[in-house]
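Peer 1: The structure is given below, and queries will be raised subsequently.
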């Protein structure tokens, strides 16, 4: 005789390796298989229990399926209970073995054993298919009206599964399915008026299936009033809740909240039905009264109350445009944000993000909610808090909010930084106080998340600097000059600094006259004053009254020399990093372009500049070798000043005012030479500027001398 189930569990737990466990499972499976083949009836229930354990451990149990079907036909209820449990776990609704069990199920439904009928209904509610419902429909229809509560509610669940299967089988339900759905829809008021909690819950599930798959059978306005009446009755119960009213006592109470599952289901169906019949109703005052009543009566002591409030939030979302529901959303946020549960805080931020007419003032409740959420260790809460922050940002709050966003970026990973920088840059374009503040803020962001800044944002920053006023150019360039030596690992910052220093480094005033004190941190009026953080010292702002050179005046030689010498550690860092990585050398390209421009603007440092350029003649990157060679060739021919003689001008594409004519206007218009109309060649224009991304230069003048470098100027 084989051992008991407990002995099998002990044998499995004593195994030290997977091989030993498989050996035990194989041995027990062989014992069960021999018992099945030997038609032994004394150990059948014990063998099925072992079979369930083997199945739950993930091993094959196909050899015991027929034994489970045979055990259903047993006359003993313990055997039937074990057999129905095994069939529910081992088989699926598409299994052919269920067909063999239909006759036994029918006998149990019509038998005198109530518990066997309940077990059979449980199997049908889990695995019922169309063939089974076709054979047993009349039995189910009779059991829906059974005086036994447990049988009645299980039969309703089986009817709901049957209607769902019929609705899923066809895109458009047939007339027979529509007739069935209509008949059971008329039973909904009776089911919702039942005196048992389980029957009401089953009726709500049936109503949900009918609304989803058979909406043409429903009269939504009448069922809407019925649901609101039921919800109102539940919320007005003085003590014990709906459980007392329906004879359940405290059986359905969870942490002091009575019948939370029933209330949540009712709220969900109220929302669904209201959305279906919104046009037929005179207004949403009834819905507002019901939701506000639930919100006022709910506490935040446990998850049962949280589930009720969350269903209220889902209903509020559908009516967020209404001022009444908007205020309800604010009340829910105030309730949710006081908890320590991160899931509830996440929901509160979502509600706050969807509310209308919400203002953010330094020191108020919404401010504290957003600021505290930005510091949460949970990344999902911080991401949601960022969305709320940028949505509620305004010109009055952009400065204090940016102080917290800097800390947010410092603690974020690279993926979150990439996402955040893009959103912050877009918000700054809308809410910045002025252009200089936006550029200054972007410089700080580059110093924190420079490796996570896209090329689009960097090019937009460069274009904004180029189009700004002279004072703004000088202030931004000075700020970059001071920040970049300590942040050479931030690519976007290095590239922006190299471009600005190359264009405007010679315009900087004497550095001793520049105030680089940190920008003051804006705090709430109630918050205590604190000392400046190291981040503020590193990213200090500039005084608005910085003395600057005139754009048309001579360059400040002393300051320009300091700028040139400050490029040496940058060049050393670029050479070291690019040699190790062996990848692209965009920073090196920016550096050589910057050196070429400074060589024209600061001729006194030309020797020092060319010494830096020569370091790239033997670089592993061919592009940097070529650019360094071009710069040396231009310097030896004394043509460097001819190529770069002025500031880079912002080029704006012009749109023609009239439609193009049929005849070509320029040579480029007649690419295939299909016309004999003579065209005039455009006059050559001398370009006296250098593109900030390359050294390509085109000049209409022809080289007169026959030097060996005379053909090196196609650029």
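In this note's numbering, the protein residues as written are 4 to 718.
For each residue, glycine too, the CB sits at the ideal point set by N, CA and C.
(1) Once DSSP output is grouped into helix, strand and coil, what is the label at residue 256?
(2) Measure the alpha-carbon distance for residue 420 versus residue 351 and round it to whole angstroms.
(3) How many angstroms separate the CA atom of residue 342 from the CA atom of residue 323?
(4) Where do the ends of the alpha helix (DSSP H) carrying residue 2 lie?
(5) Could you tell me the boundaries of the alpha helix (DSSP H) in which residue 410 lies?
(6) So what does DSSP say about residue 233, is it helix, strand or coil?
(7) Under 9 Å between the Cβ atoms of residue 24 and residue 53?
(8) Cutting at 7 Å between CB atoms, please list the residues of its own chain near residue 208, excluding the five before and the five after it.
(9) Have a look at the DSSP bridge pairing and note the partners of residue 261.
(10) Counting along the chain, where does the alpha helix (DSSP H) carrying residue 162 start and finish?
(11) Among 190, 192, 167 and 156, which residue has its Cα nearest to the Cα of residue 205?
(12) Could you check the C-alpha separation between residue 443 and residue 510 for me, to the nearest Å?
(13) Helix, strand or coil for residue 617? Go by DSSP, reduced to three states.
(14) One question on the structure: do residue 35 and residue 27 come within less than 9 Å of each other, judged by their Cβ atoms?
(15) Determine the DSSP secondary structure at residue 148, reduced to helix, strand or coil.
(16) Tell me whether residue 176 sits in a helix, a strand or coil according to DSSP, three-state version.
(17) When you compare only the Cα positions, how much space is there between residue 569 and residue 366?
(18) Report back the beta-carbon spacing between residue 152 and residue 117 to the nearest angstrom; my notes put them in contact at under 8 Å.
(19) Tell me the rounded alpha-carbon separation between residue 581 and residue 567.
(20) If you drop the 5 nearest sequence neighbours on each side, which residues of the same chain put their C-beta closer than 6 Å to that of residue 319?
(21) I need the DSSP call for residue 213, collapsed to helix, strand or coil.
(22) Can you give the beta carbon distance from residue 124 to residue 154, rounded, assuming they're within the 8 Å contact cut?
(23) Verify whether the separation of the beta carbon atoms of residue 257 and residue 180 is less than 9 Å.
(24) Could you check what DSSP says for residue 398 in three-state terms: helix, strand or coil?
(25) Residue 413: buried (16+ other C-beta within 10 angstroms of its C-beta) or exposed?
(26) Sort 226, 187 and 464 by Cα distance to residue 148 and report the nearest one.
(27) Buried or exposed: which applies to residue 301, given that a residue is buried once 16 or more other Cβ atoms fall within 10 Å of its Cβ?
(28) Which first and last residues belong to the alpha helix (DSSP H) in which residue 454 is found?
(29) Around the C-beta of residue 216, are 16 or more other C-beta atoms found within 10 angstroms, so that it is buried, or is it exposed?
(30) Closer than 8 Å by C-beta to residue 1: which residues in its own chain qualify, once you throw out the five before and the five after it? Chain order, please.
(31) Going by other Cβ atoms of all chains shown within 10 Å of its Cβ, with 16 needed for buried, is residue 376 buried or exposed?
(32) Are the CB atoms of residue 389 and residue 408 within a distance shorter than 9 Å?
(33) So for residue 640, helix, strand or coil by DSSP?
(34) Can you name, in chain order, every residue of its own chain whose Cβ lies under 6 Å from the Cβ of residue 111, other than the five neighbours on each side?
(35) Should residue 141 go down as buried or exposed, given a rule of 16 or more other Cβ atoms within 10 Å for buried?
Peer 2: Let me spell this out:
(1) In the three-state reduction of the DSSP assignment, residue 256 falls in the strand class, which pools E and B.
(2) The C-alpha of residue 420 lies about 23 Å from the C-alpha of residue 351.
(3) 24 Å
(4) One cannot answer for residue 2 here, as it falls past the ends of the chain, which runs 4 to 718.
(5) 401 to 414 is the extent of the alpha helix (DSSP H) around residue 410.
(6) helix
(7) No, the pair does not count as a contact, with Cβ atoms beyond the cut-off.
(8) 160 and 163
(9) 256
(10) 152 to 172
(11) 156
(12) 18 Å
(13) helix
(14) In this structure, residue 27 does not lie closer than 9 Å to residue 35 by Cβ.
(15) coil
(16) Coil, per DSSP.
(17) 43 Å
(18) A Cβ-Cβ distance of about 11 Å is found for the pair residue 152 and residue 117, leaving them out of contact under the 8 Å criterion.
(19) The alpha-carbon atoms of residue 581 and residue 567 are separated by roughly 21 Å.
(20) Within the same chain, Cβ atoms closer than 6 Å to the Cβ of residue 319 are found at 328, 331 and 332, the five residues on either side in sequence being excluded.
(21) When DSSP states are grouped into helix, strand and coil, residue 213 belongs to the helix group.
(22) Residue 154 and residue 124 do touch by the CB rule: their CB atoms are close to 7 Å apart, below 8 Å.
(23) no
(24) coil
(25) exposed
(26) 187
(27) buried
(28) Taken as a continuous stretch (DSSP letters only), residue 454 belongs to no alpha helix (DSSP H), as it is neither H nor E.
(29) buried
(30) The question about residue 1 has no answer, for the chain in this structure spans 4 to 718.
(31) Classification of residue 376: buried, given that the 10 Å Cβ count is 16 or more.
(32) yes
(33) Collapsing the DSSP output to three states places residue 640 in coil.
(34) 119, 120 and 123
(35) exposed
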